[in-house]
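In the UniProt record's numbering, the protein residues as written are 1 to 465. Heads up, the thing below is written out as structure tokens.
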Ligand code: SF4
């Protein structure tokens with residue numbers, strides 16, 4: 001009998017990447033890769049590369065755990081996913097991280113910008129609007145895990161420190177500032193003032209490349225001096241920083257290992273987040289055919305380009321395993337000890353268990369006992385170690401600080417090409433929009449920004465309800 005050239009693995013719903021209408025989709029394995037196949041009645045067939053590592057892709061399903069819900073939902077499930085965001089009652093994860101866009105404006109006009117920001121685009125939000133946004137998140141989450149102030153570029157907001165002061169009055173466990181670093185590089189007094197918001201405050205610093213060509217392609221400018229000076233200032237005040245790297249294949253993907261190794265040497269840096277470019281918003285210098293990069297390609301590049309992590313150290317994050325990979329390490333002086341391999345994956349999914357696989361390294365075991373416990377209590381050490389293996393690490397150990405922790409995250413924001421309704425329901429990075437709804441980051445950039453709402457309503461009107 002004739003055979004298909006692939007193994008049919010799964011079925012899901014996707015959207016046509018041209019008209020954004022819902023379409024059926026097959027997930028298939030072919031040539032040791034994972035593809036999504038879909039057909040739009042109007043725009044024809046699409047074959048999208050989803051993953052380059054079949055085993056890892058399949059293993060993501062083993063990390064699913066019970067979904068955590070927000071305290072309340074904000075919209076009804078009416079048109080079907082993804083046209084009901086708000087969060088609707090059909091969503092399967094609370095907001096692990098919520099983005100508050102305090103301004104549309106930016107001091108750059110990057111060729112790659114999901115928010116379409118520029119110096120004259122849109123407007124700054126008022127303090128009242130920003131407080132209302134924060135209150136919406138607090139109503140949904142009680143004590144939100146992470147709130148990230150973003151934009152545009154939040155540091156160009158004329159009332160920037162007033163915004164931080166308001167945010168600090170809310171029961172937010174960890175506050176982040178998402179920034180391109182220009183103000184941090186130019187103004188040391190600004191950084192000193194930022195440092196006064198520590199602890200539970202962190203800089204999420206754009207850090208795409210060490211190379212002029214890549215920076216000009218992604219950011220429109222040679223920002224090497226900004227990166228250097230910003231890190232110098234952040235190191236001086238030991239202001240907790242995550243480096244955020246937007247990846248485009250062949251542009252900066254050869255620098256993945258170099259960035260991790262650089263990050264490990266910086267006093268202020270607690271980790272690196274790698275984000276393959278989501279095809280949304282402004283994408284001027286991007287070639288979809290050659291520069292699209294998958295989550296598993298990032299993972300393989302980390303394993304190939306550094307000696308820090310092995311396969312067992314880079315695992316799916318249980319709250320959103322299709323989109324997030326994590327790897328944790330302990331930084332003790334010059335030494336780096338990978339931690340994720342110490343966790344038994346089964347225990348990570350079960351809140352009642354605290355078993356750690358201790359077989360690998362006696363020296364590390366001693367360090368951990370020493371760092372995580374007051375009196376060599378193994379149970380206490382296990383408890384502390386497990387508590388850091390989630391989106392928001394909780395460091396509550398007498399001999400260990402947040403400074404000692406280093407994490408690598410791969411964050412794969414689904415776009416219209418690889419859109420999977422099964423996976424999008426687990427999205428845990430959300431944005432508060434202008435209507436005070438809480439929208440998954442991915443669907444926000446595809447459907448819910450100002451210039452997209454009219455078309456979304458047209459799609460909704462076509463759906464028989
Ligand atoms: S992505 Fe989530 S919030 Fe949006 S429509 Fe789907 S289930 Fe609802």
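C-beta atoms are modelled at their ideal positions from N, C-alpha and C, and glycine is treated no differently.
- Taken from the Cβ of residue 425, at least one heavy atom of the ligand SF4 lies inside 8 Å.
- Sixteen is the threshold: since fewer than 16 other Cβ atoms of the shown chains lie within 10 Å of the Cβ of residue 2, the residue is exposed.
- For residue 454, no beta strand (DSSP E) segment is defined; the enclosing uninterrupted segment is the alpha helix (DSSP H) at 453-462.
- DSSP, read as helix, strand or coil, puts residue 316 in strand.
- Classified as buried, residue 114 has 16 or more neighbouring CB atoms from the shown chains inside 10 Å of its CB.
- At a cut-off of 3 residues, the continuous stretches assigned as beta strand (DSSP E) that sit fully inside the stretch 65-131 are 97-101.
- Bridge partners of residue 327 according to DSSP: 408.
- Leaving aside the five residues that flank residue 284 on each side, the residues in its chain whose CB is nearer than 8 Å to its CB run, in chain order, 111 and 112.
- Ranking 423, 445, 425 and 427 by CA distance to the CA of residue 433 puts 445 first.
- Annotation: residue 77 to residue 90 spans about 6 Å, alpha carbon to alpha carbon.
- Taking a contact as a CB-CB distance under 8 Å, the pair residue 176 and residue 146 counts as one, their CB atoms being some 6 Å apart.
- Only exposed fits residue 189, as fewer than 16 other CB atoms lie within 10 angstroms of its CB.
- Separation of residue 222 and residue 212 (C-alpha to C-alpha, rounded to the nearest whole angstrom) is 5 Å.
- At a Cβ-Cβ threshold of 9 Å, residue 44 and residue 101 do not count as neighbours.
- Of the residues 210, 435, 296 and 337, the one whose Cα lies closest to the Cα of residue 52 is 296.
- A straight line joining the alpha-carbon of residue 144 with that of residue 220 spans about 35 Å.
- In its chain, beyond the 5 residues on either side, 75, 77 and 78 have a beta carbon closer than 6 Å to the beta carbon of residue 84.
- Per the C-alpha coordinates, the member of 238, 227 and 281 positioned closest to residue 259 is 227.
- Taken from the Cβ of residue 179, every heavy atom of the ligand SF4 lies 8 Å or farther away.
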